[in-house]
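Step one of this worksheet: look at the structure below.
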Amino acid sequence: MAGLAAFLQGELFGYFLVFARLGAAIMLLPGFGEAFVSPRIRLMLALAITFAVMPIVGDTLPRLPDEVLGLVVVLLSEVLIGLFIGALARILLAALQTAGTLIANFTSLAAAQVLDPTTATPNTIPGNFLSIMAVLLIFVTDLHHVMLAALVESYTMFPAGSPPPLNDFADAASQLVSQGFALAFQLAAPLMVVTTVMQVGFGLLARLMPQMQVFFVGMPLQVLIGLIVFAVTLAAVMQWYLDRFAKPFALISGGG
Numbered sequence: 001m002a003g004l005a006a007f008l009q010g011e012l013f014g015y016f017l018v019f020a021r022l023g024a025a026i027m028l029l030p031g032f033g034e035a036f037v038s039p040r041i042r043l044m045l046a047l048a049i050t051f052a053v054m055p056i057v058g059d060t061l062p063r064l065p066d067e068v069l070g071l072v073v074v075l076l077s078e079v080l081i082g083l084f085i086g087a088l089a090r091i092l093l094a095a096l097q098t099a100g101t102l103i104a105n106f107t108s109l110a111a112a113q114v115l116d117p118t119t120a121t122p123n124t125i126p127g128n129f130l131s132i133m134a135v136l137l138i139f140v141t142d143l144h145h146v147m148l149a150a151l152v153e154s155y156t157m158f159p160a161g162s163p164p165p166l167n168d169f170a171d172a173a174s175q176l177v178s179q180g181f182a183l184a185f186q187l188a189a190p191l192m193v194v195t196t197v198m199q200v201g202f203g204l205l206a207r208l209m210p211q212m213q214v215f216f217v218g219m220p221l222q223v224l225i226g227l228i229v230f231a232v233t234l235a236a237v238m239q240w241y242l243d244r245f246a247k248p249f250a251l252i253s254g255g256g
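The sequence shown begins at 1 in our numbering and counts up by one.
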């Protein structure tokens, strides 16, 4: 009876350990951790994935610590690793929202703010559109499988029970934030170039024809041409973005 109790305690500890990492990551992963997904659904999803992953990683899990302090340290380590993996995806999604803000500023649409369902905060219309499309394409192109596979393979890179490499996490996060800003400018670059050329043209036109109301003519034209360029480049921009989005998870999975 005592042996059975010890076995059950060990199994329960293993499930809690896996749930700590997976649950923390799912609370941040795009599509799973959005504001419009209720916490109850996220909790049930994390539990379901935990039961699916436990047989795969069960042999790599540490034993139940003898002291409560050791148990708390192990669980916190797993939560930190899960939050780090989820934050990778969230930073990349924020880069797309930043690109949408740049596009809105260059197309005179920055004043129009709508509620972003992915973050439950006000956002520009292009940023809102791009973030929703990114979440949709992540599931359509099965990138959510890549994220979940990275969570499973993370037990190879970050073994359960080992202290998380906080210095490496900080370096990776800072690099990813800087890359995210660069990615945002690269995604918005086609429209930024076109609208900048248009602004130069409007300036020359105002000098050549001072009696013409360039502002009233230029703003609708800038919005129209900006939307046309946005529509024409959208497919290529999103394909390029999805390739960049998958890279960190491919590295965790050992495929990059």
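All C-beta atoms, glycine included, are put in the ideal place defined by N, C-alpha and C.
- The continuous alpha helix (DSSP H) containing Asp171 extends over residues 166-208.
- Relative to the Cα of Ile81, the nearest Cα in the group Arg42, Leu93, Val146, Met157 belongs to Met157.
- Annotation: the continuous alpha helix (DSSP H) that includes Asp243 extends over 214-253.
- Counting along the chain, Thr101 sits inside no beta strand (DSSP E); it lies in the alpha helix (DSSP H) bounded by residues 68-106.
- In this structure, the straight-line span from the alpha carbon of Val18 to that of Met198 is close to 54 Å.
- Beta-bridge pairing by DSSP links Val152 to no other residue.
- The Cβ atoms of Leu143 and Leu242 lie closer than 8 Å to each other.
- Following the DSSP letters along the chain, one finds Thr124 inside the beta strand (DSSP E) bounded by residues 121-124.
- Of all alpha-carbon atoms in Asn105, Phe84, Val72, Gly31, the one lying nearest the alpha-carbon of Phe185 is that of Asn105.
- About 11 Å separates the CB atoms of Gly31 and Arg42; that is not less than 8 Å, and the two are not in contact.
- Two segments are said to touch when three or more pairs of C-beta atoms, one from each, lie closer than 8 Å; by this definition the region 172-182 touches the region 88-106.
- Taking C-beta atoms under 8 Å as the contact rule, Leu227 and Met147 fail to qualify, at a distance of about 32 Å.
- Taking all protein chains in view, the Cβ of Gln222 is crowded by 16 or more other Cβ atoms within 10 Å, so the residue is classified as buried.
- For Val140, the secondary structure class from DSSP, reduced to helix, strand or coil, is helix.
- Ile252 is classed as buried because its beta carbon has at least 16 other beta carbons within 10 Å across all chains shown.
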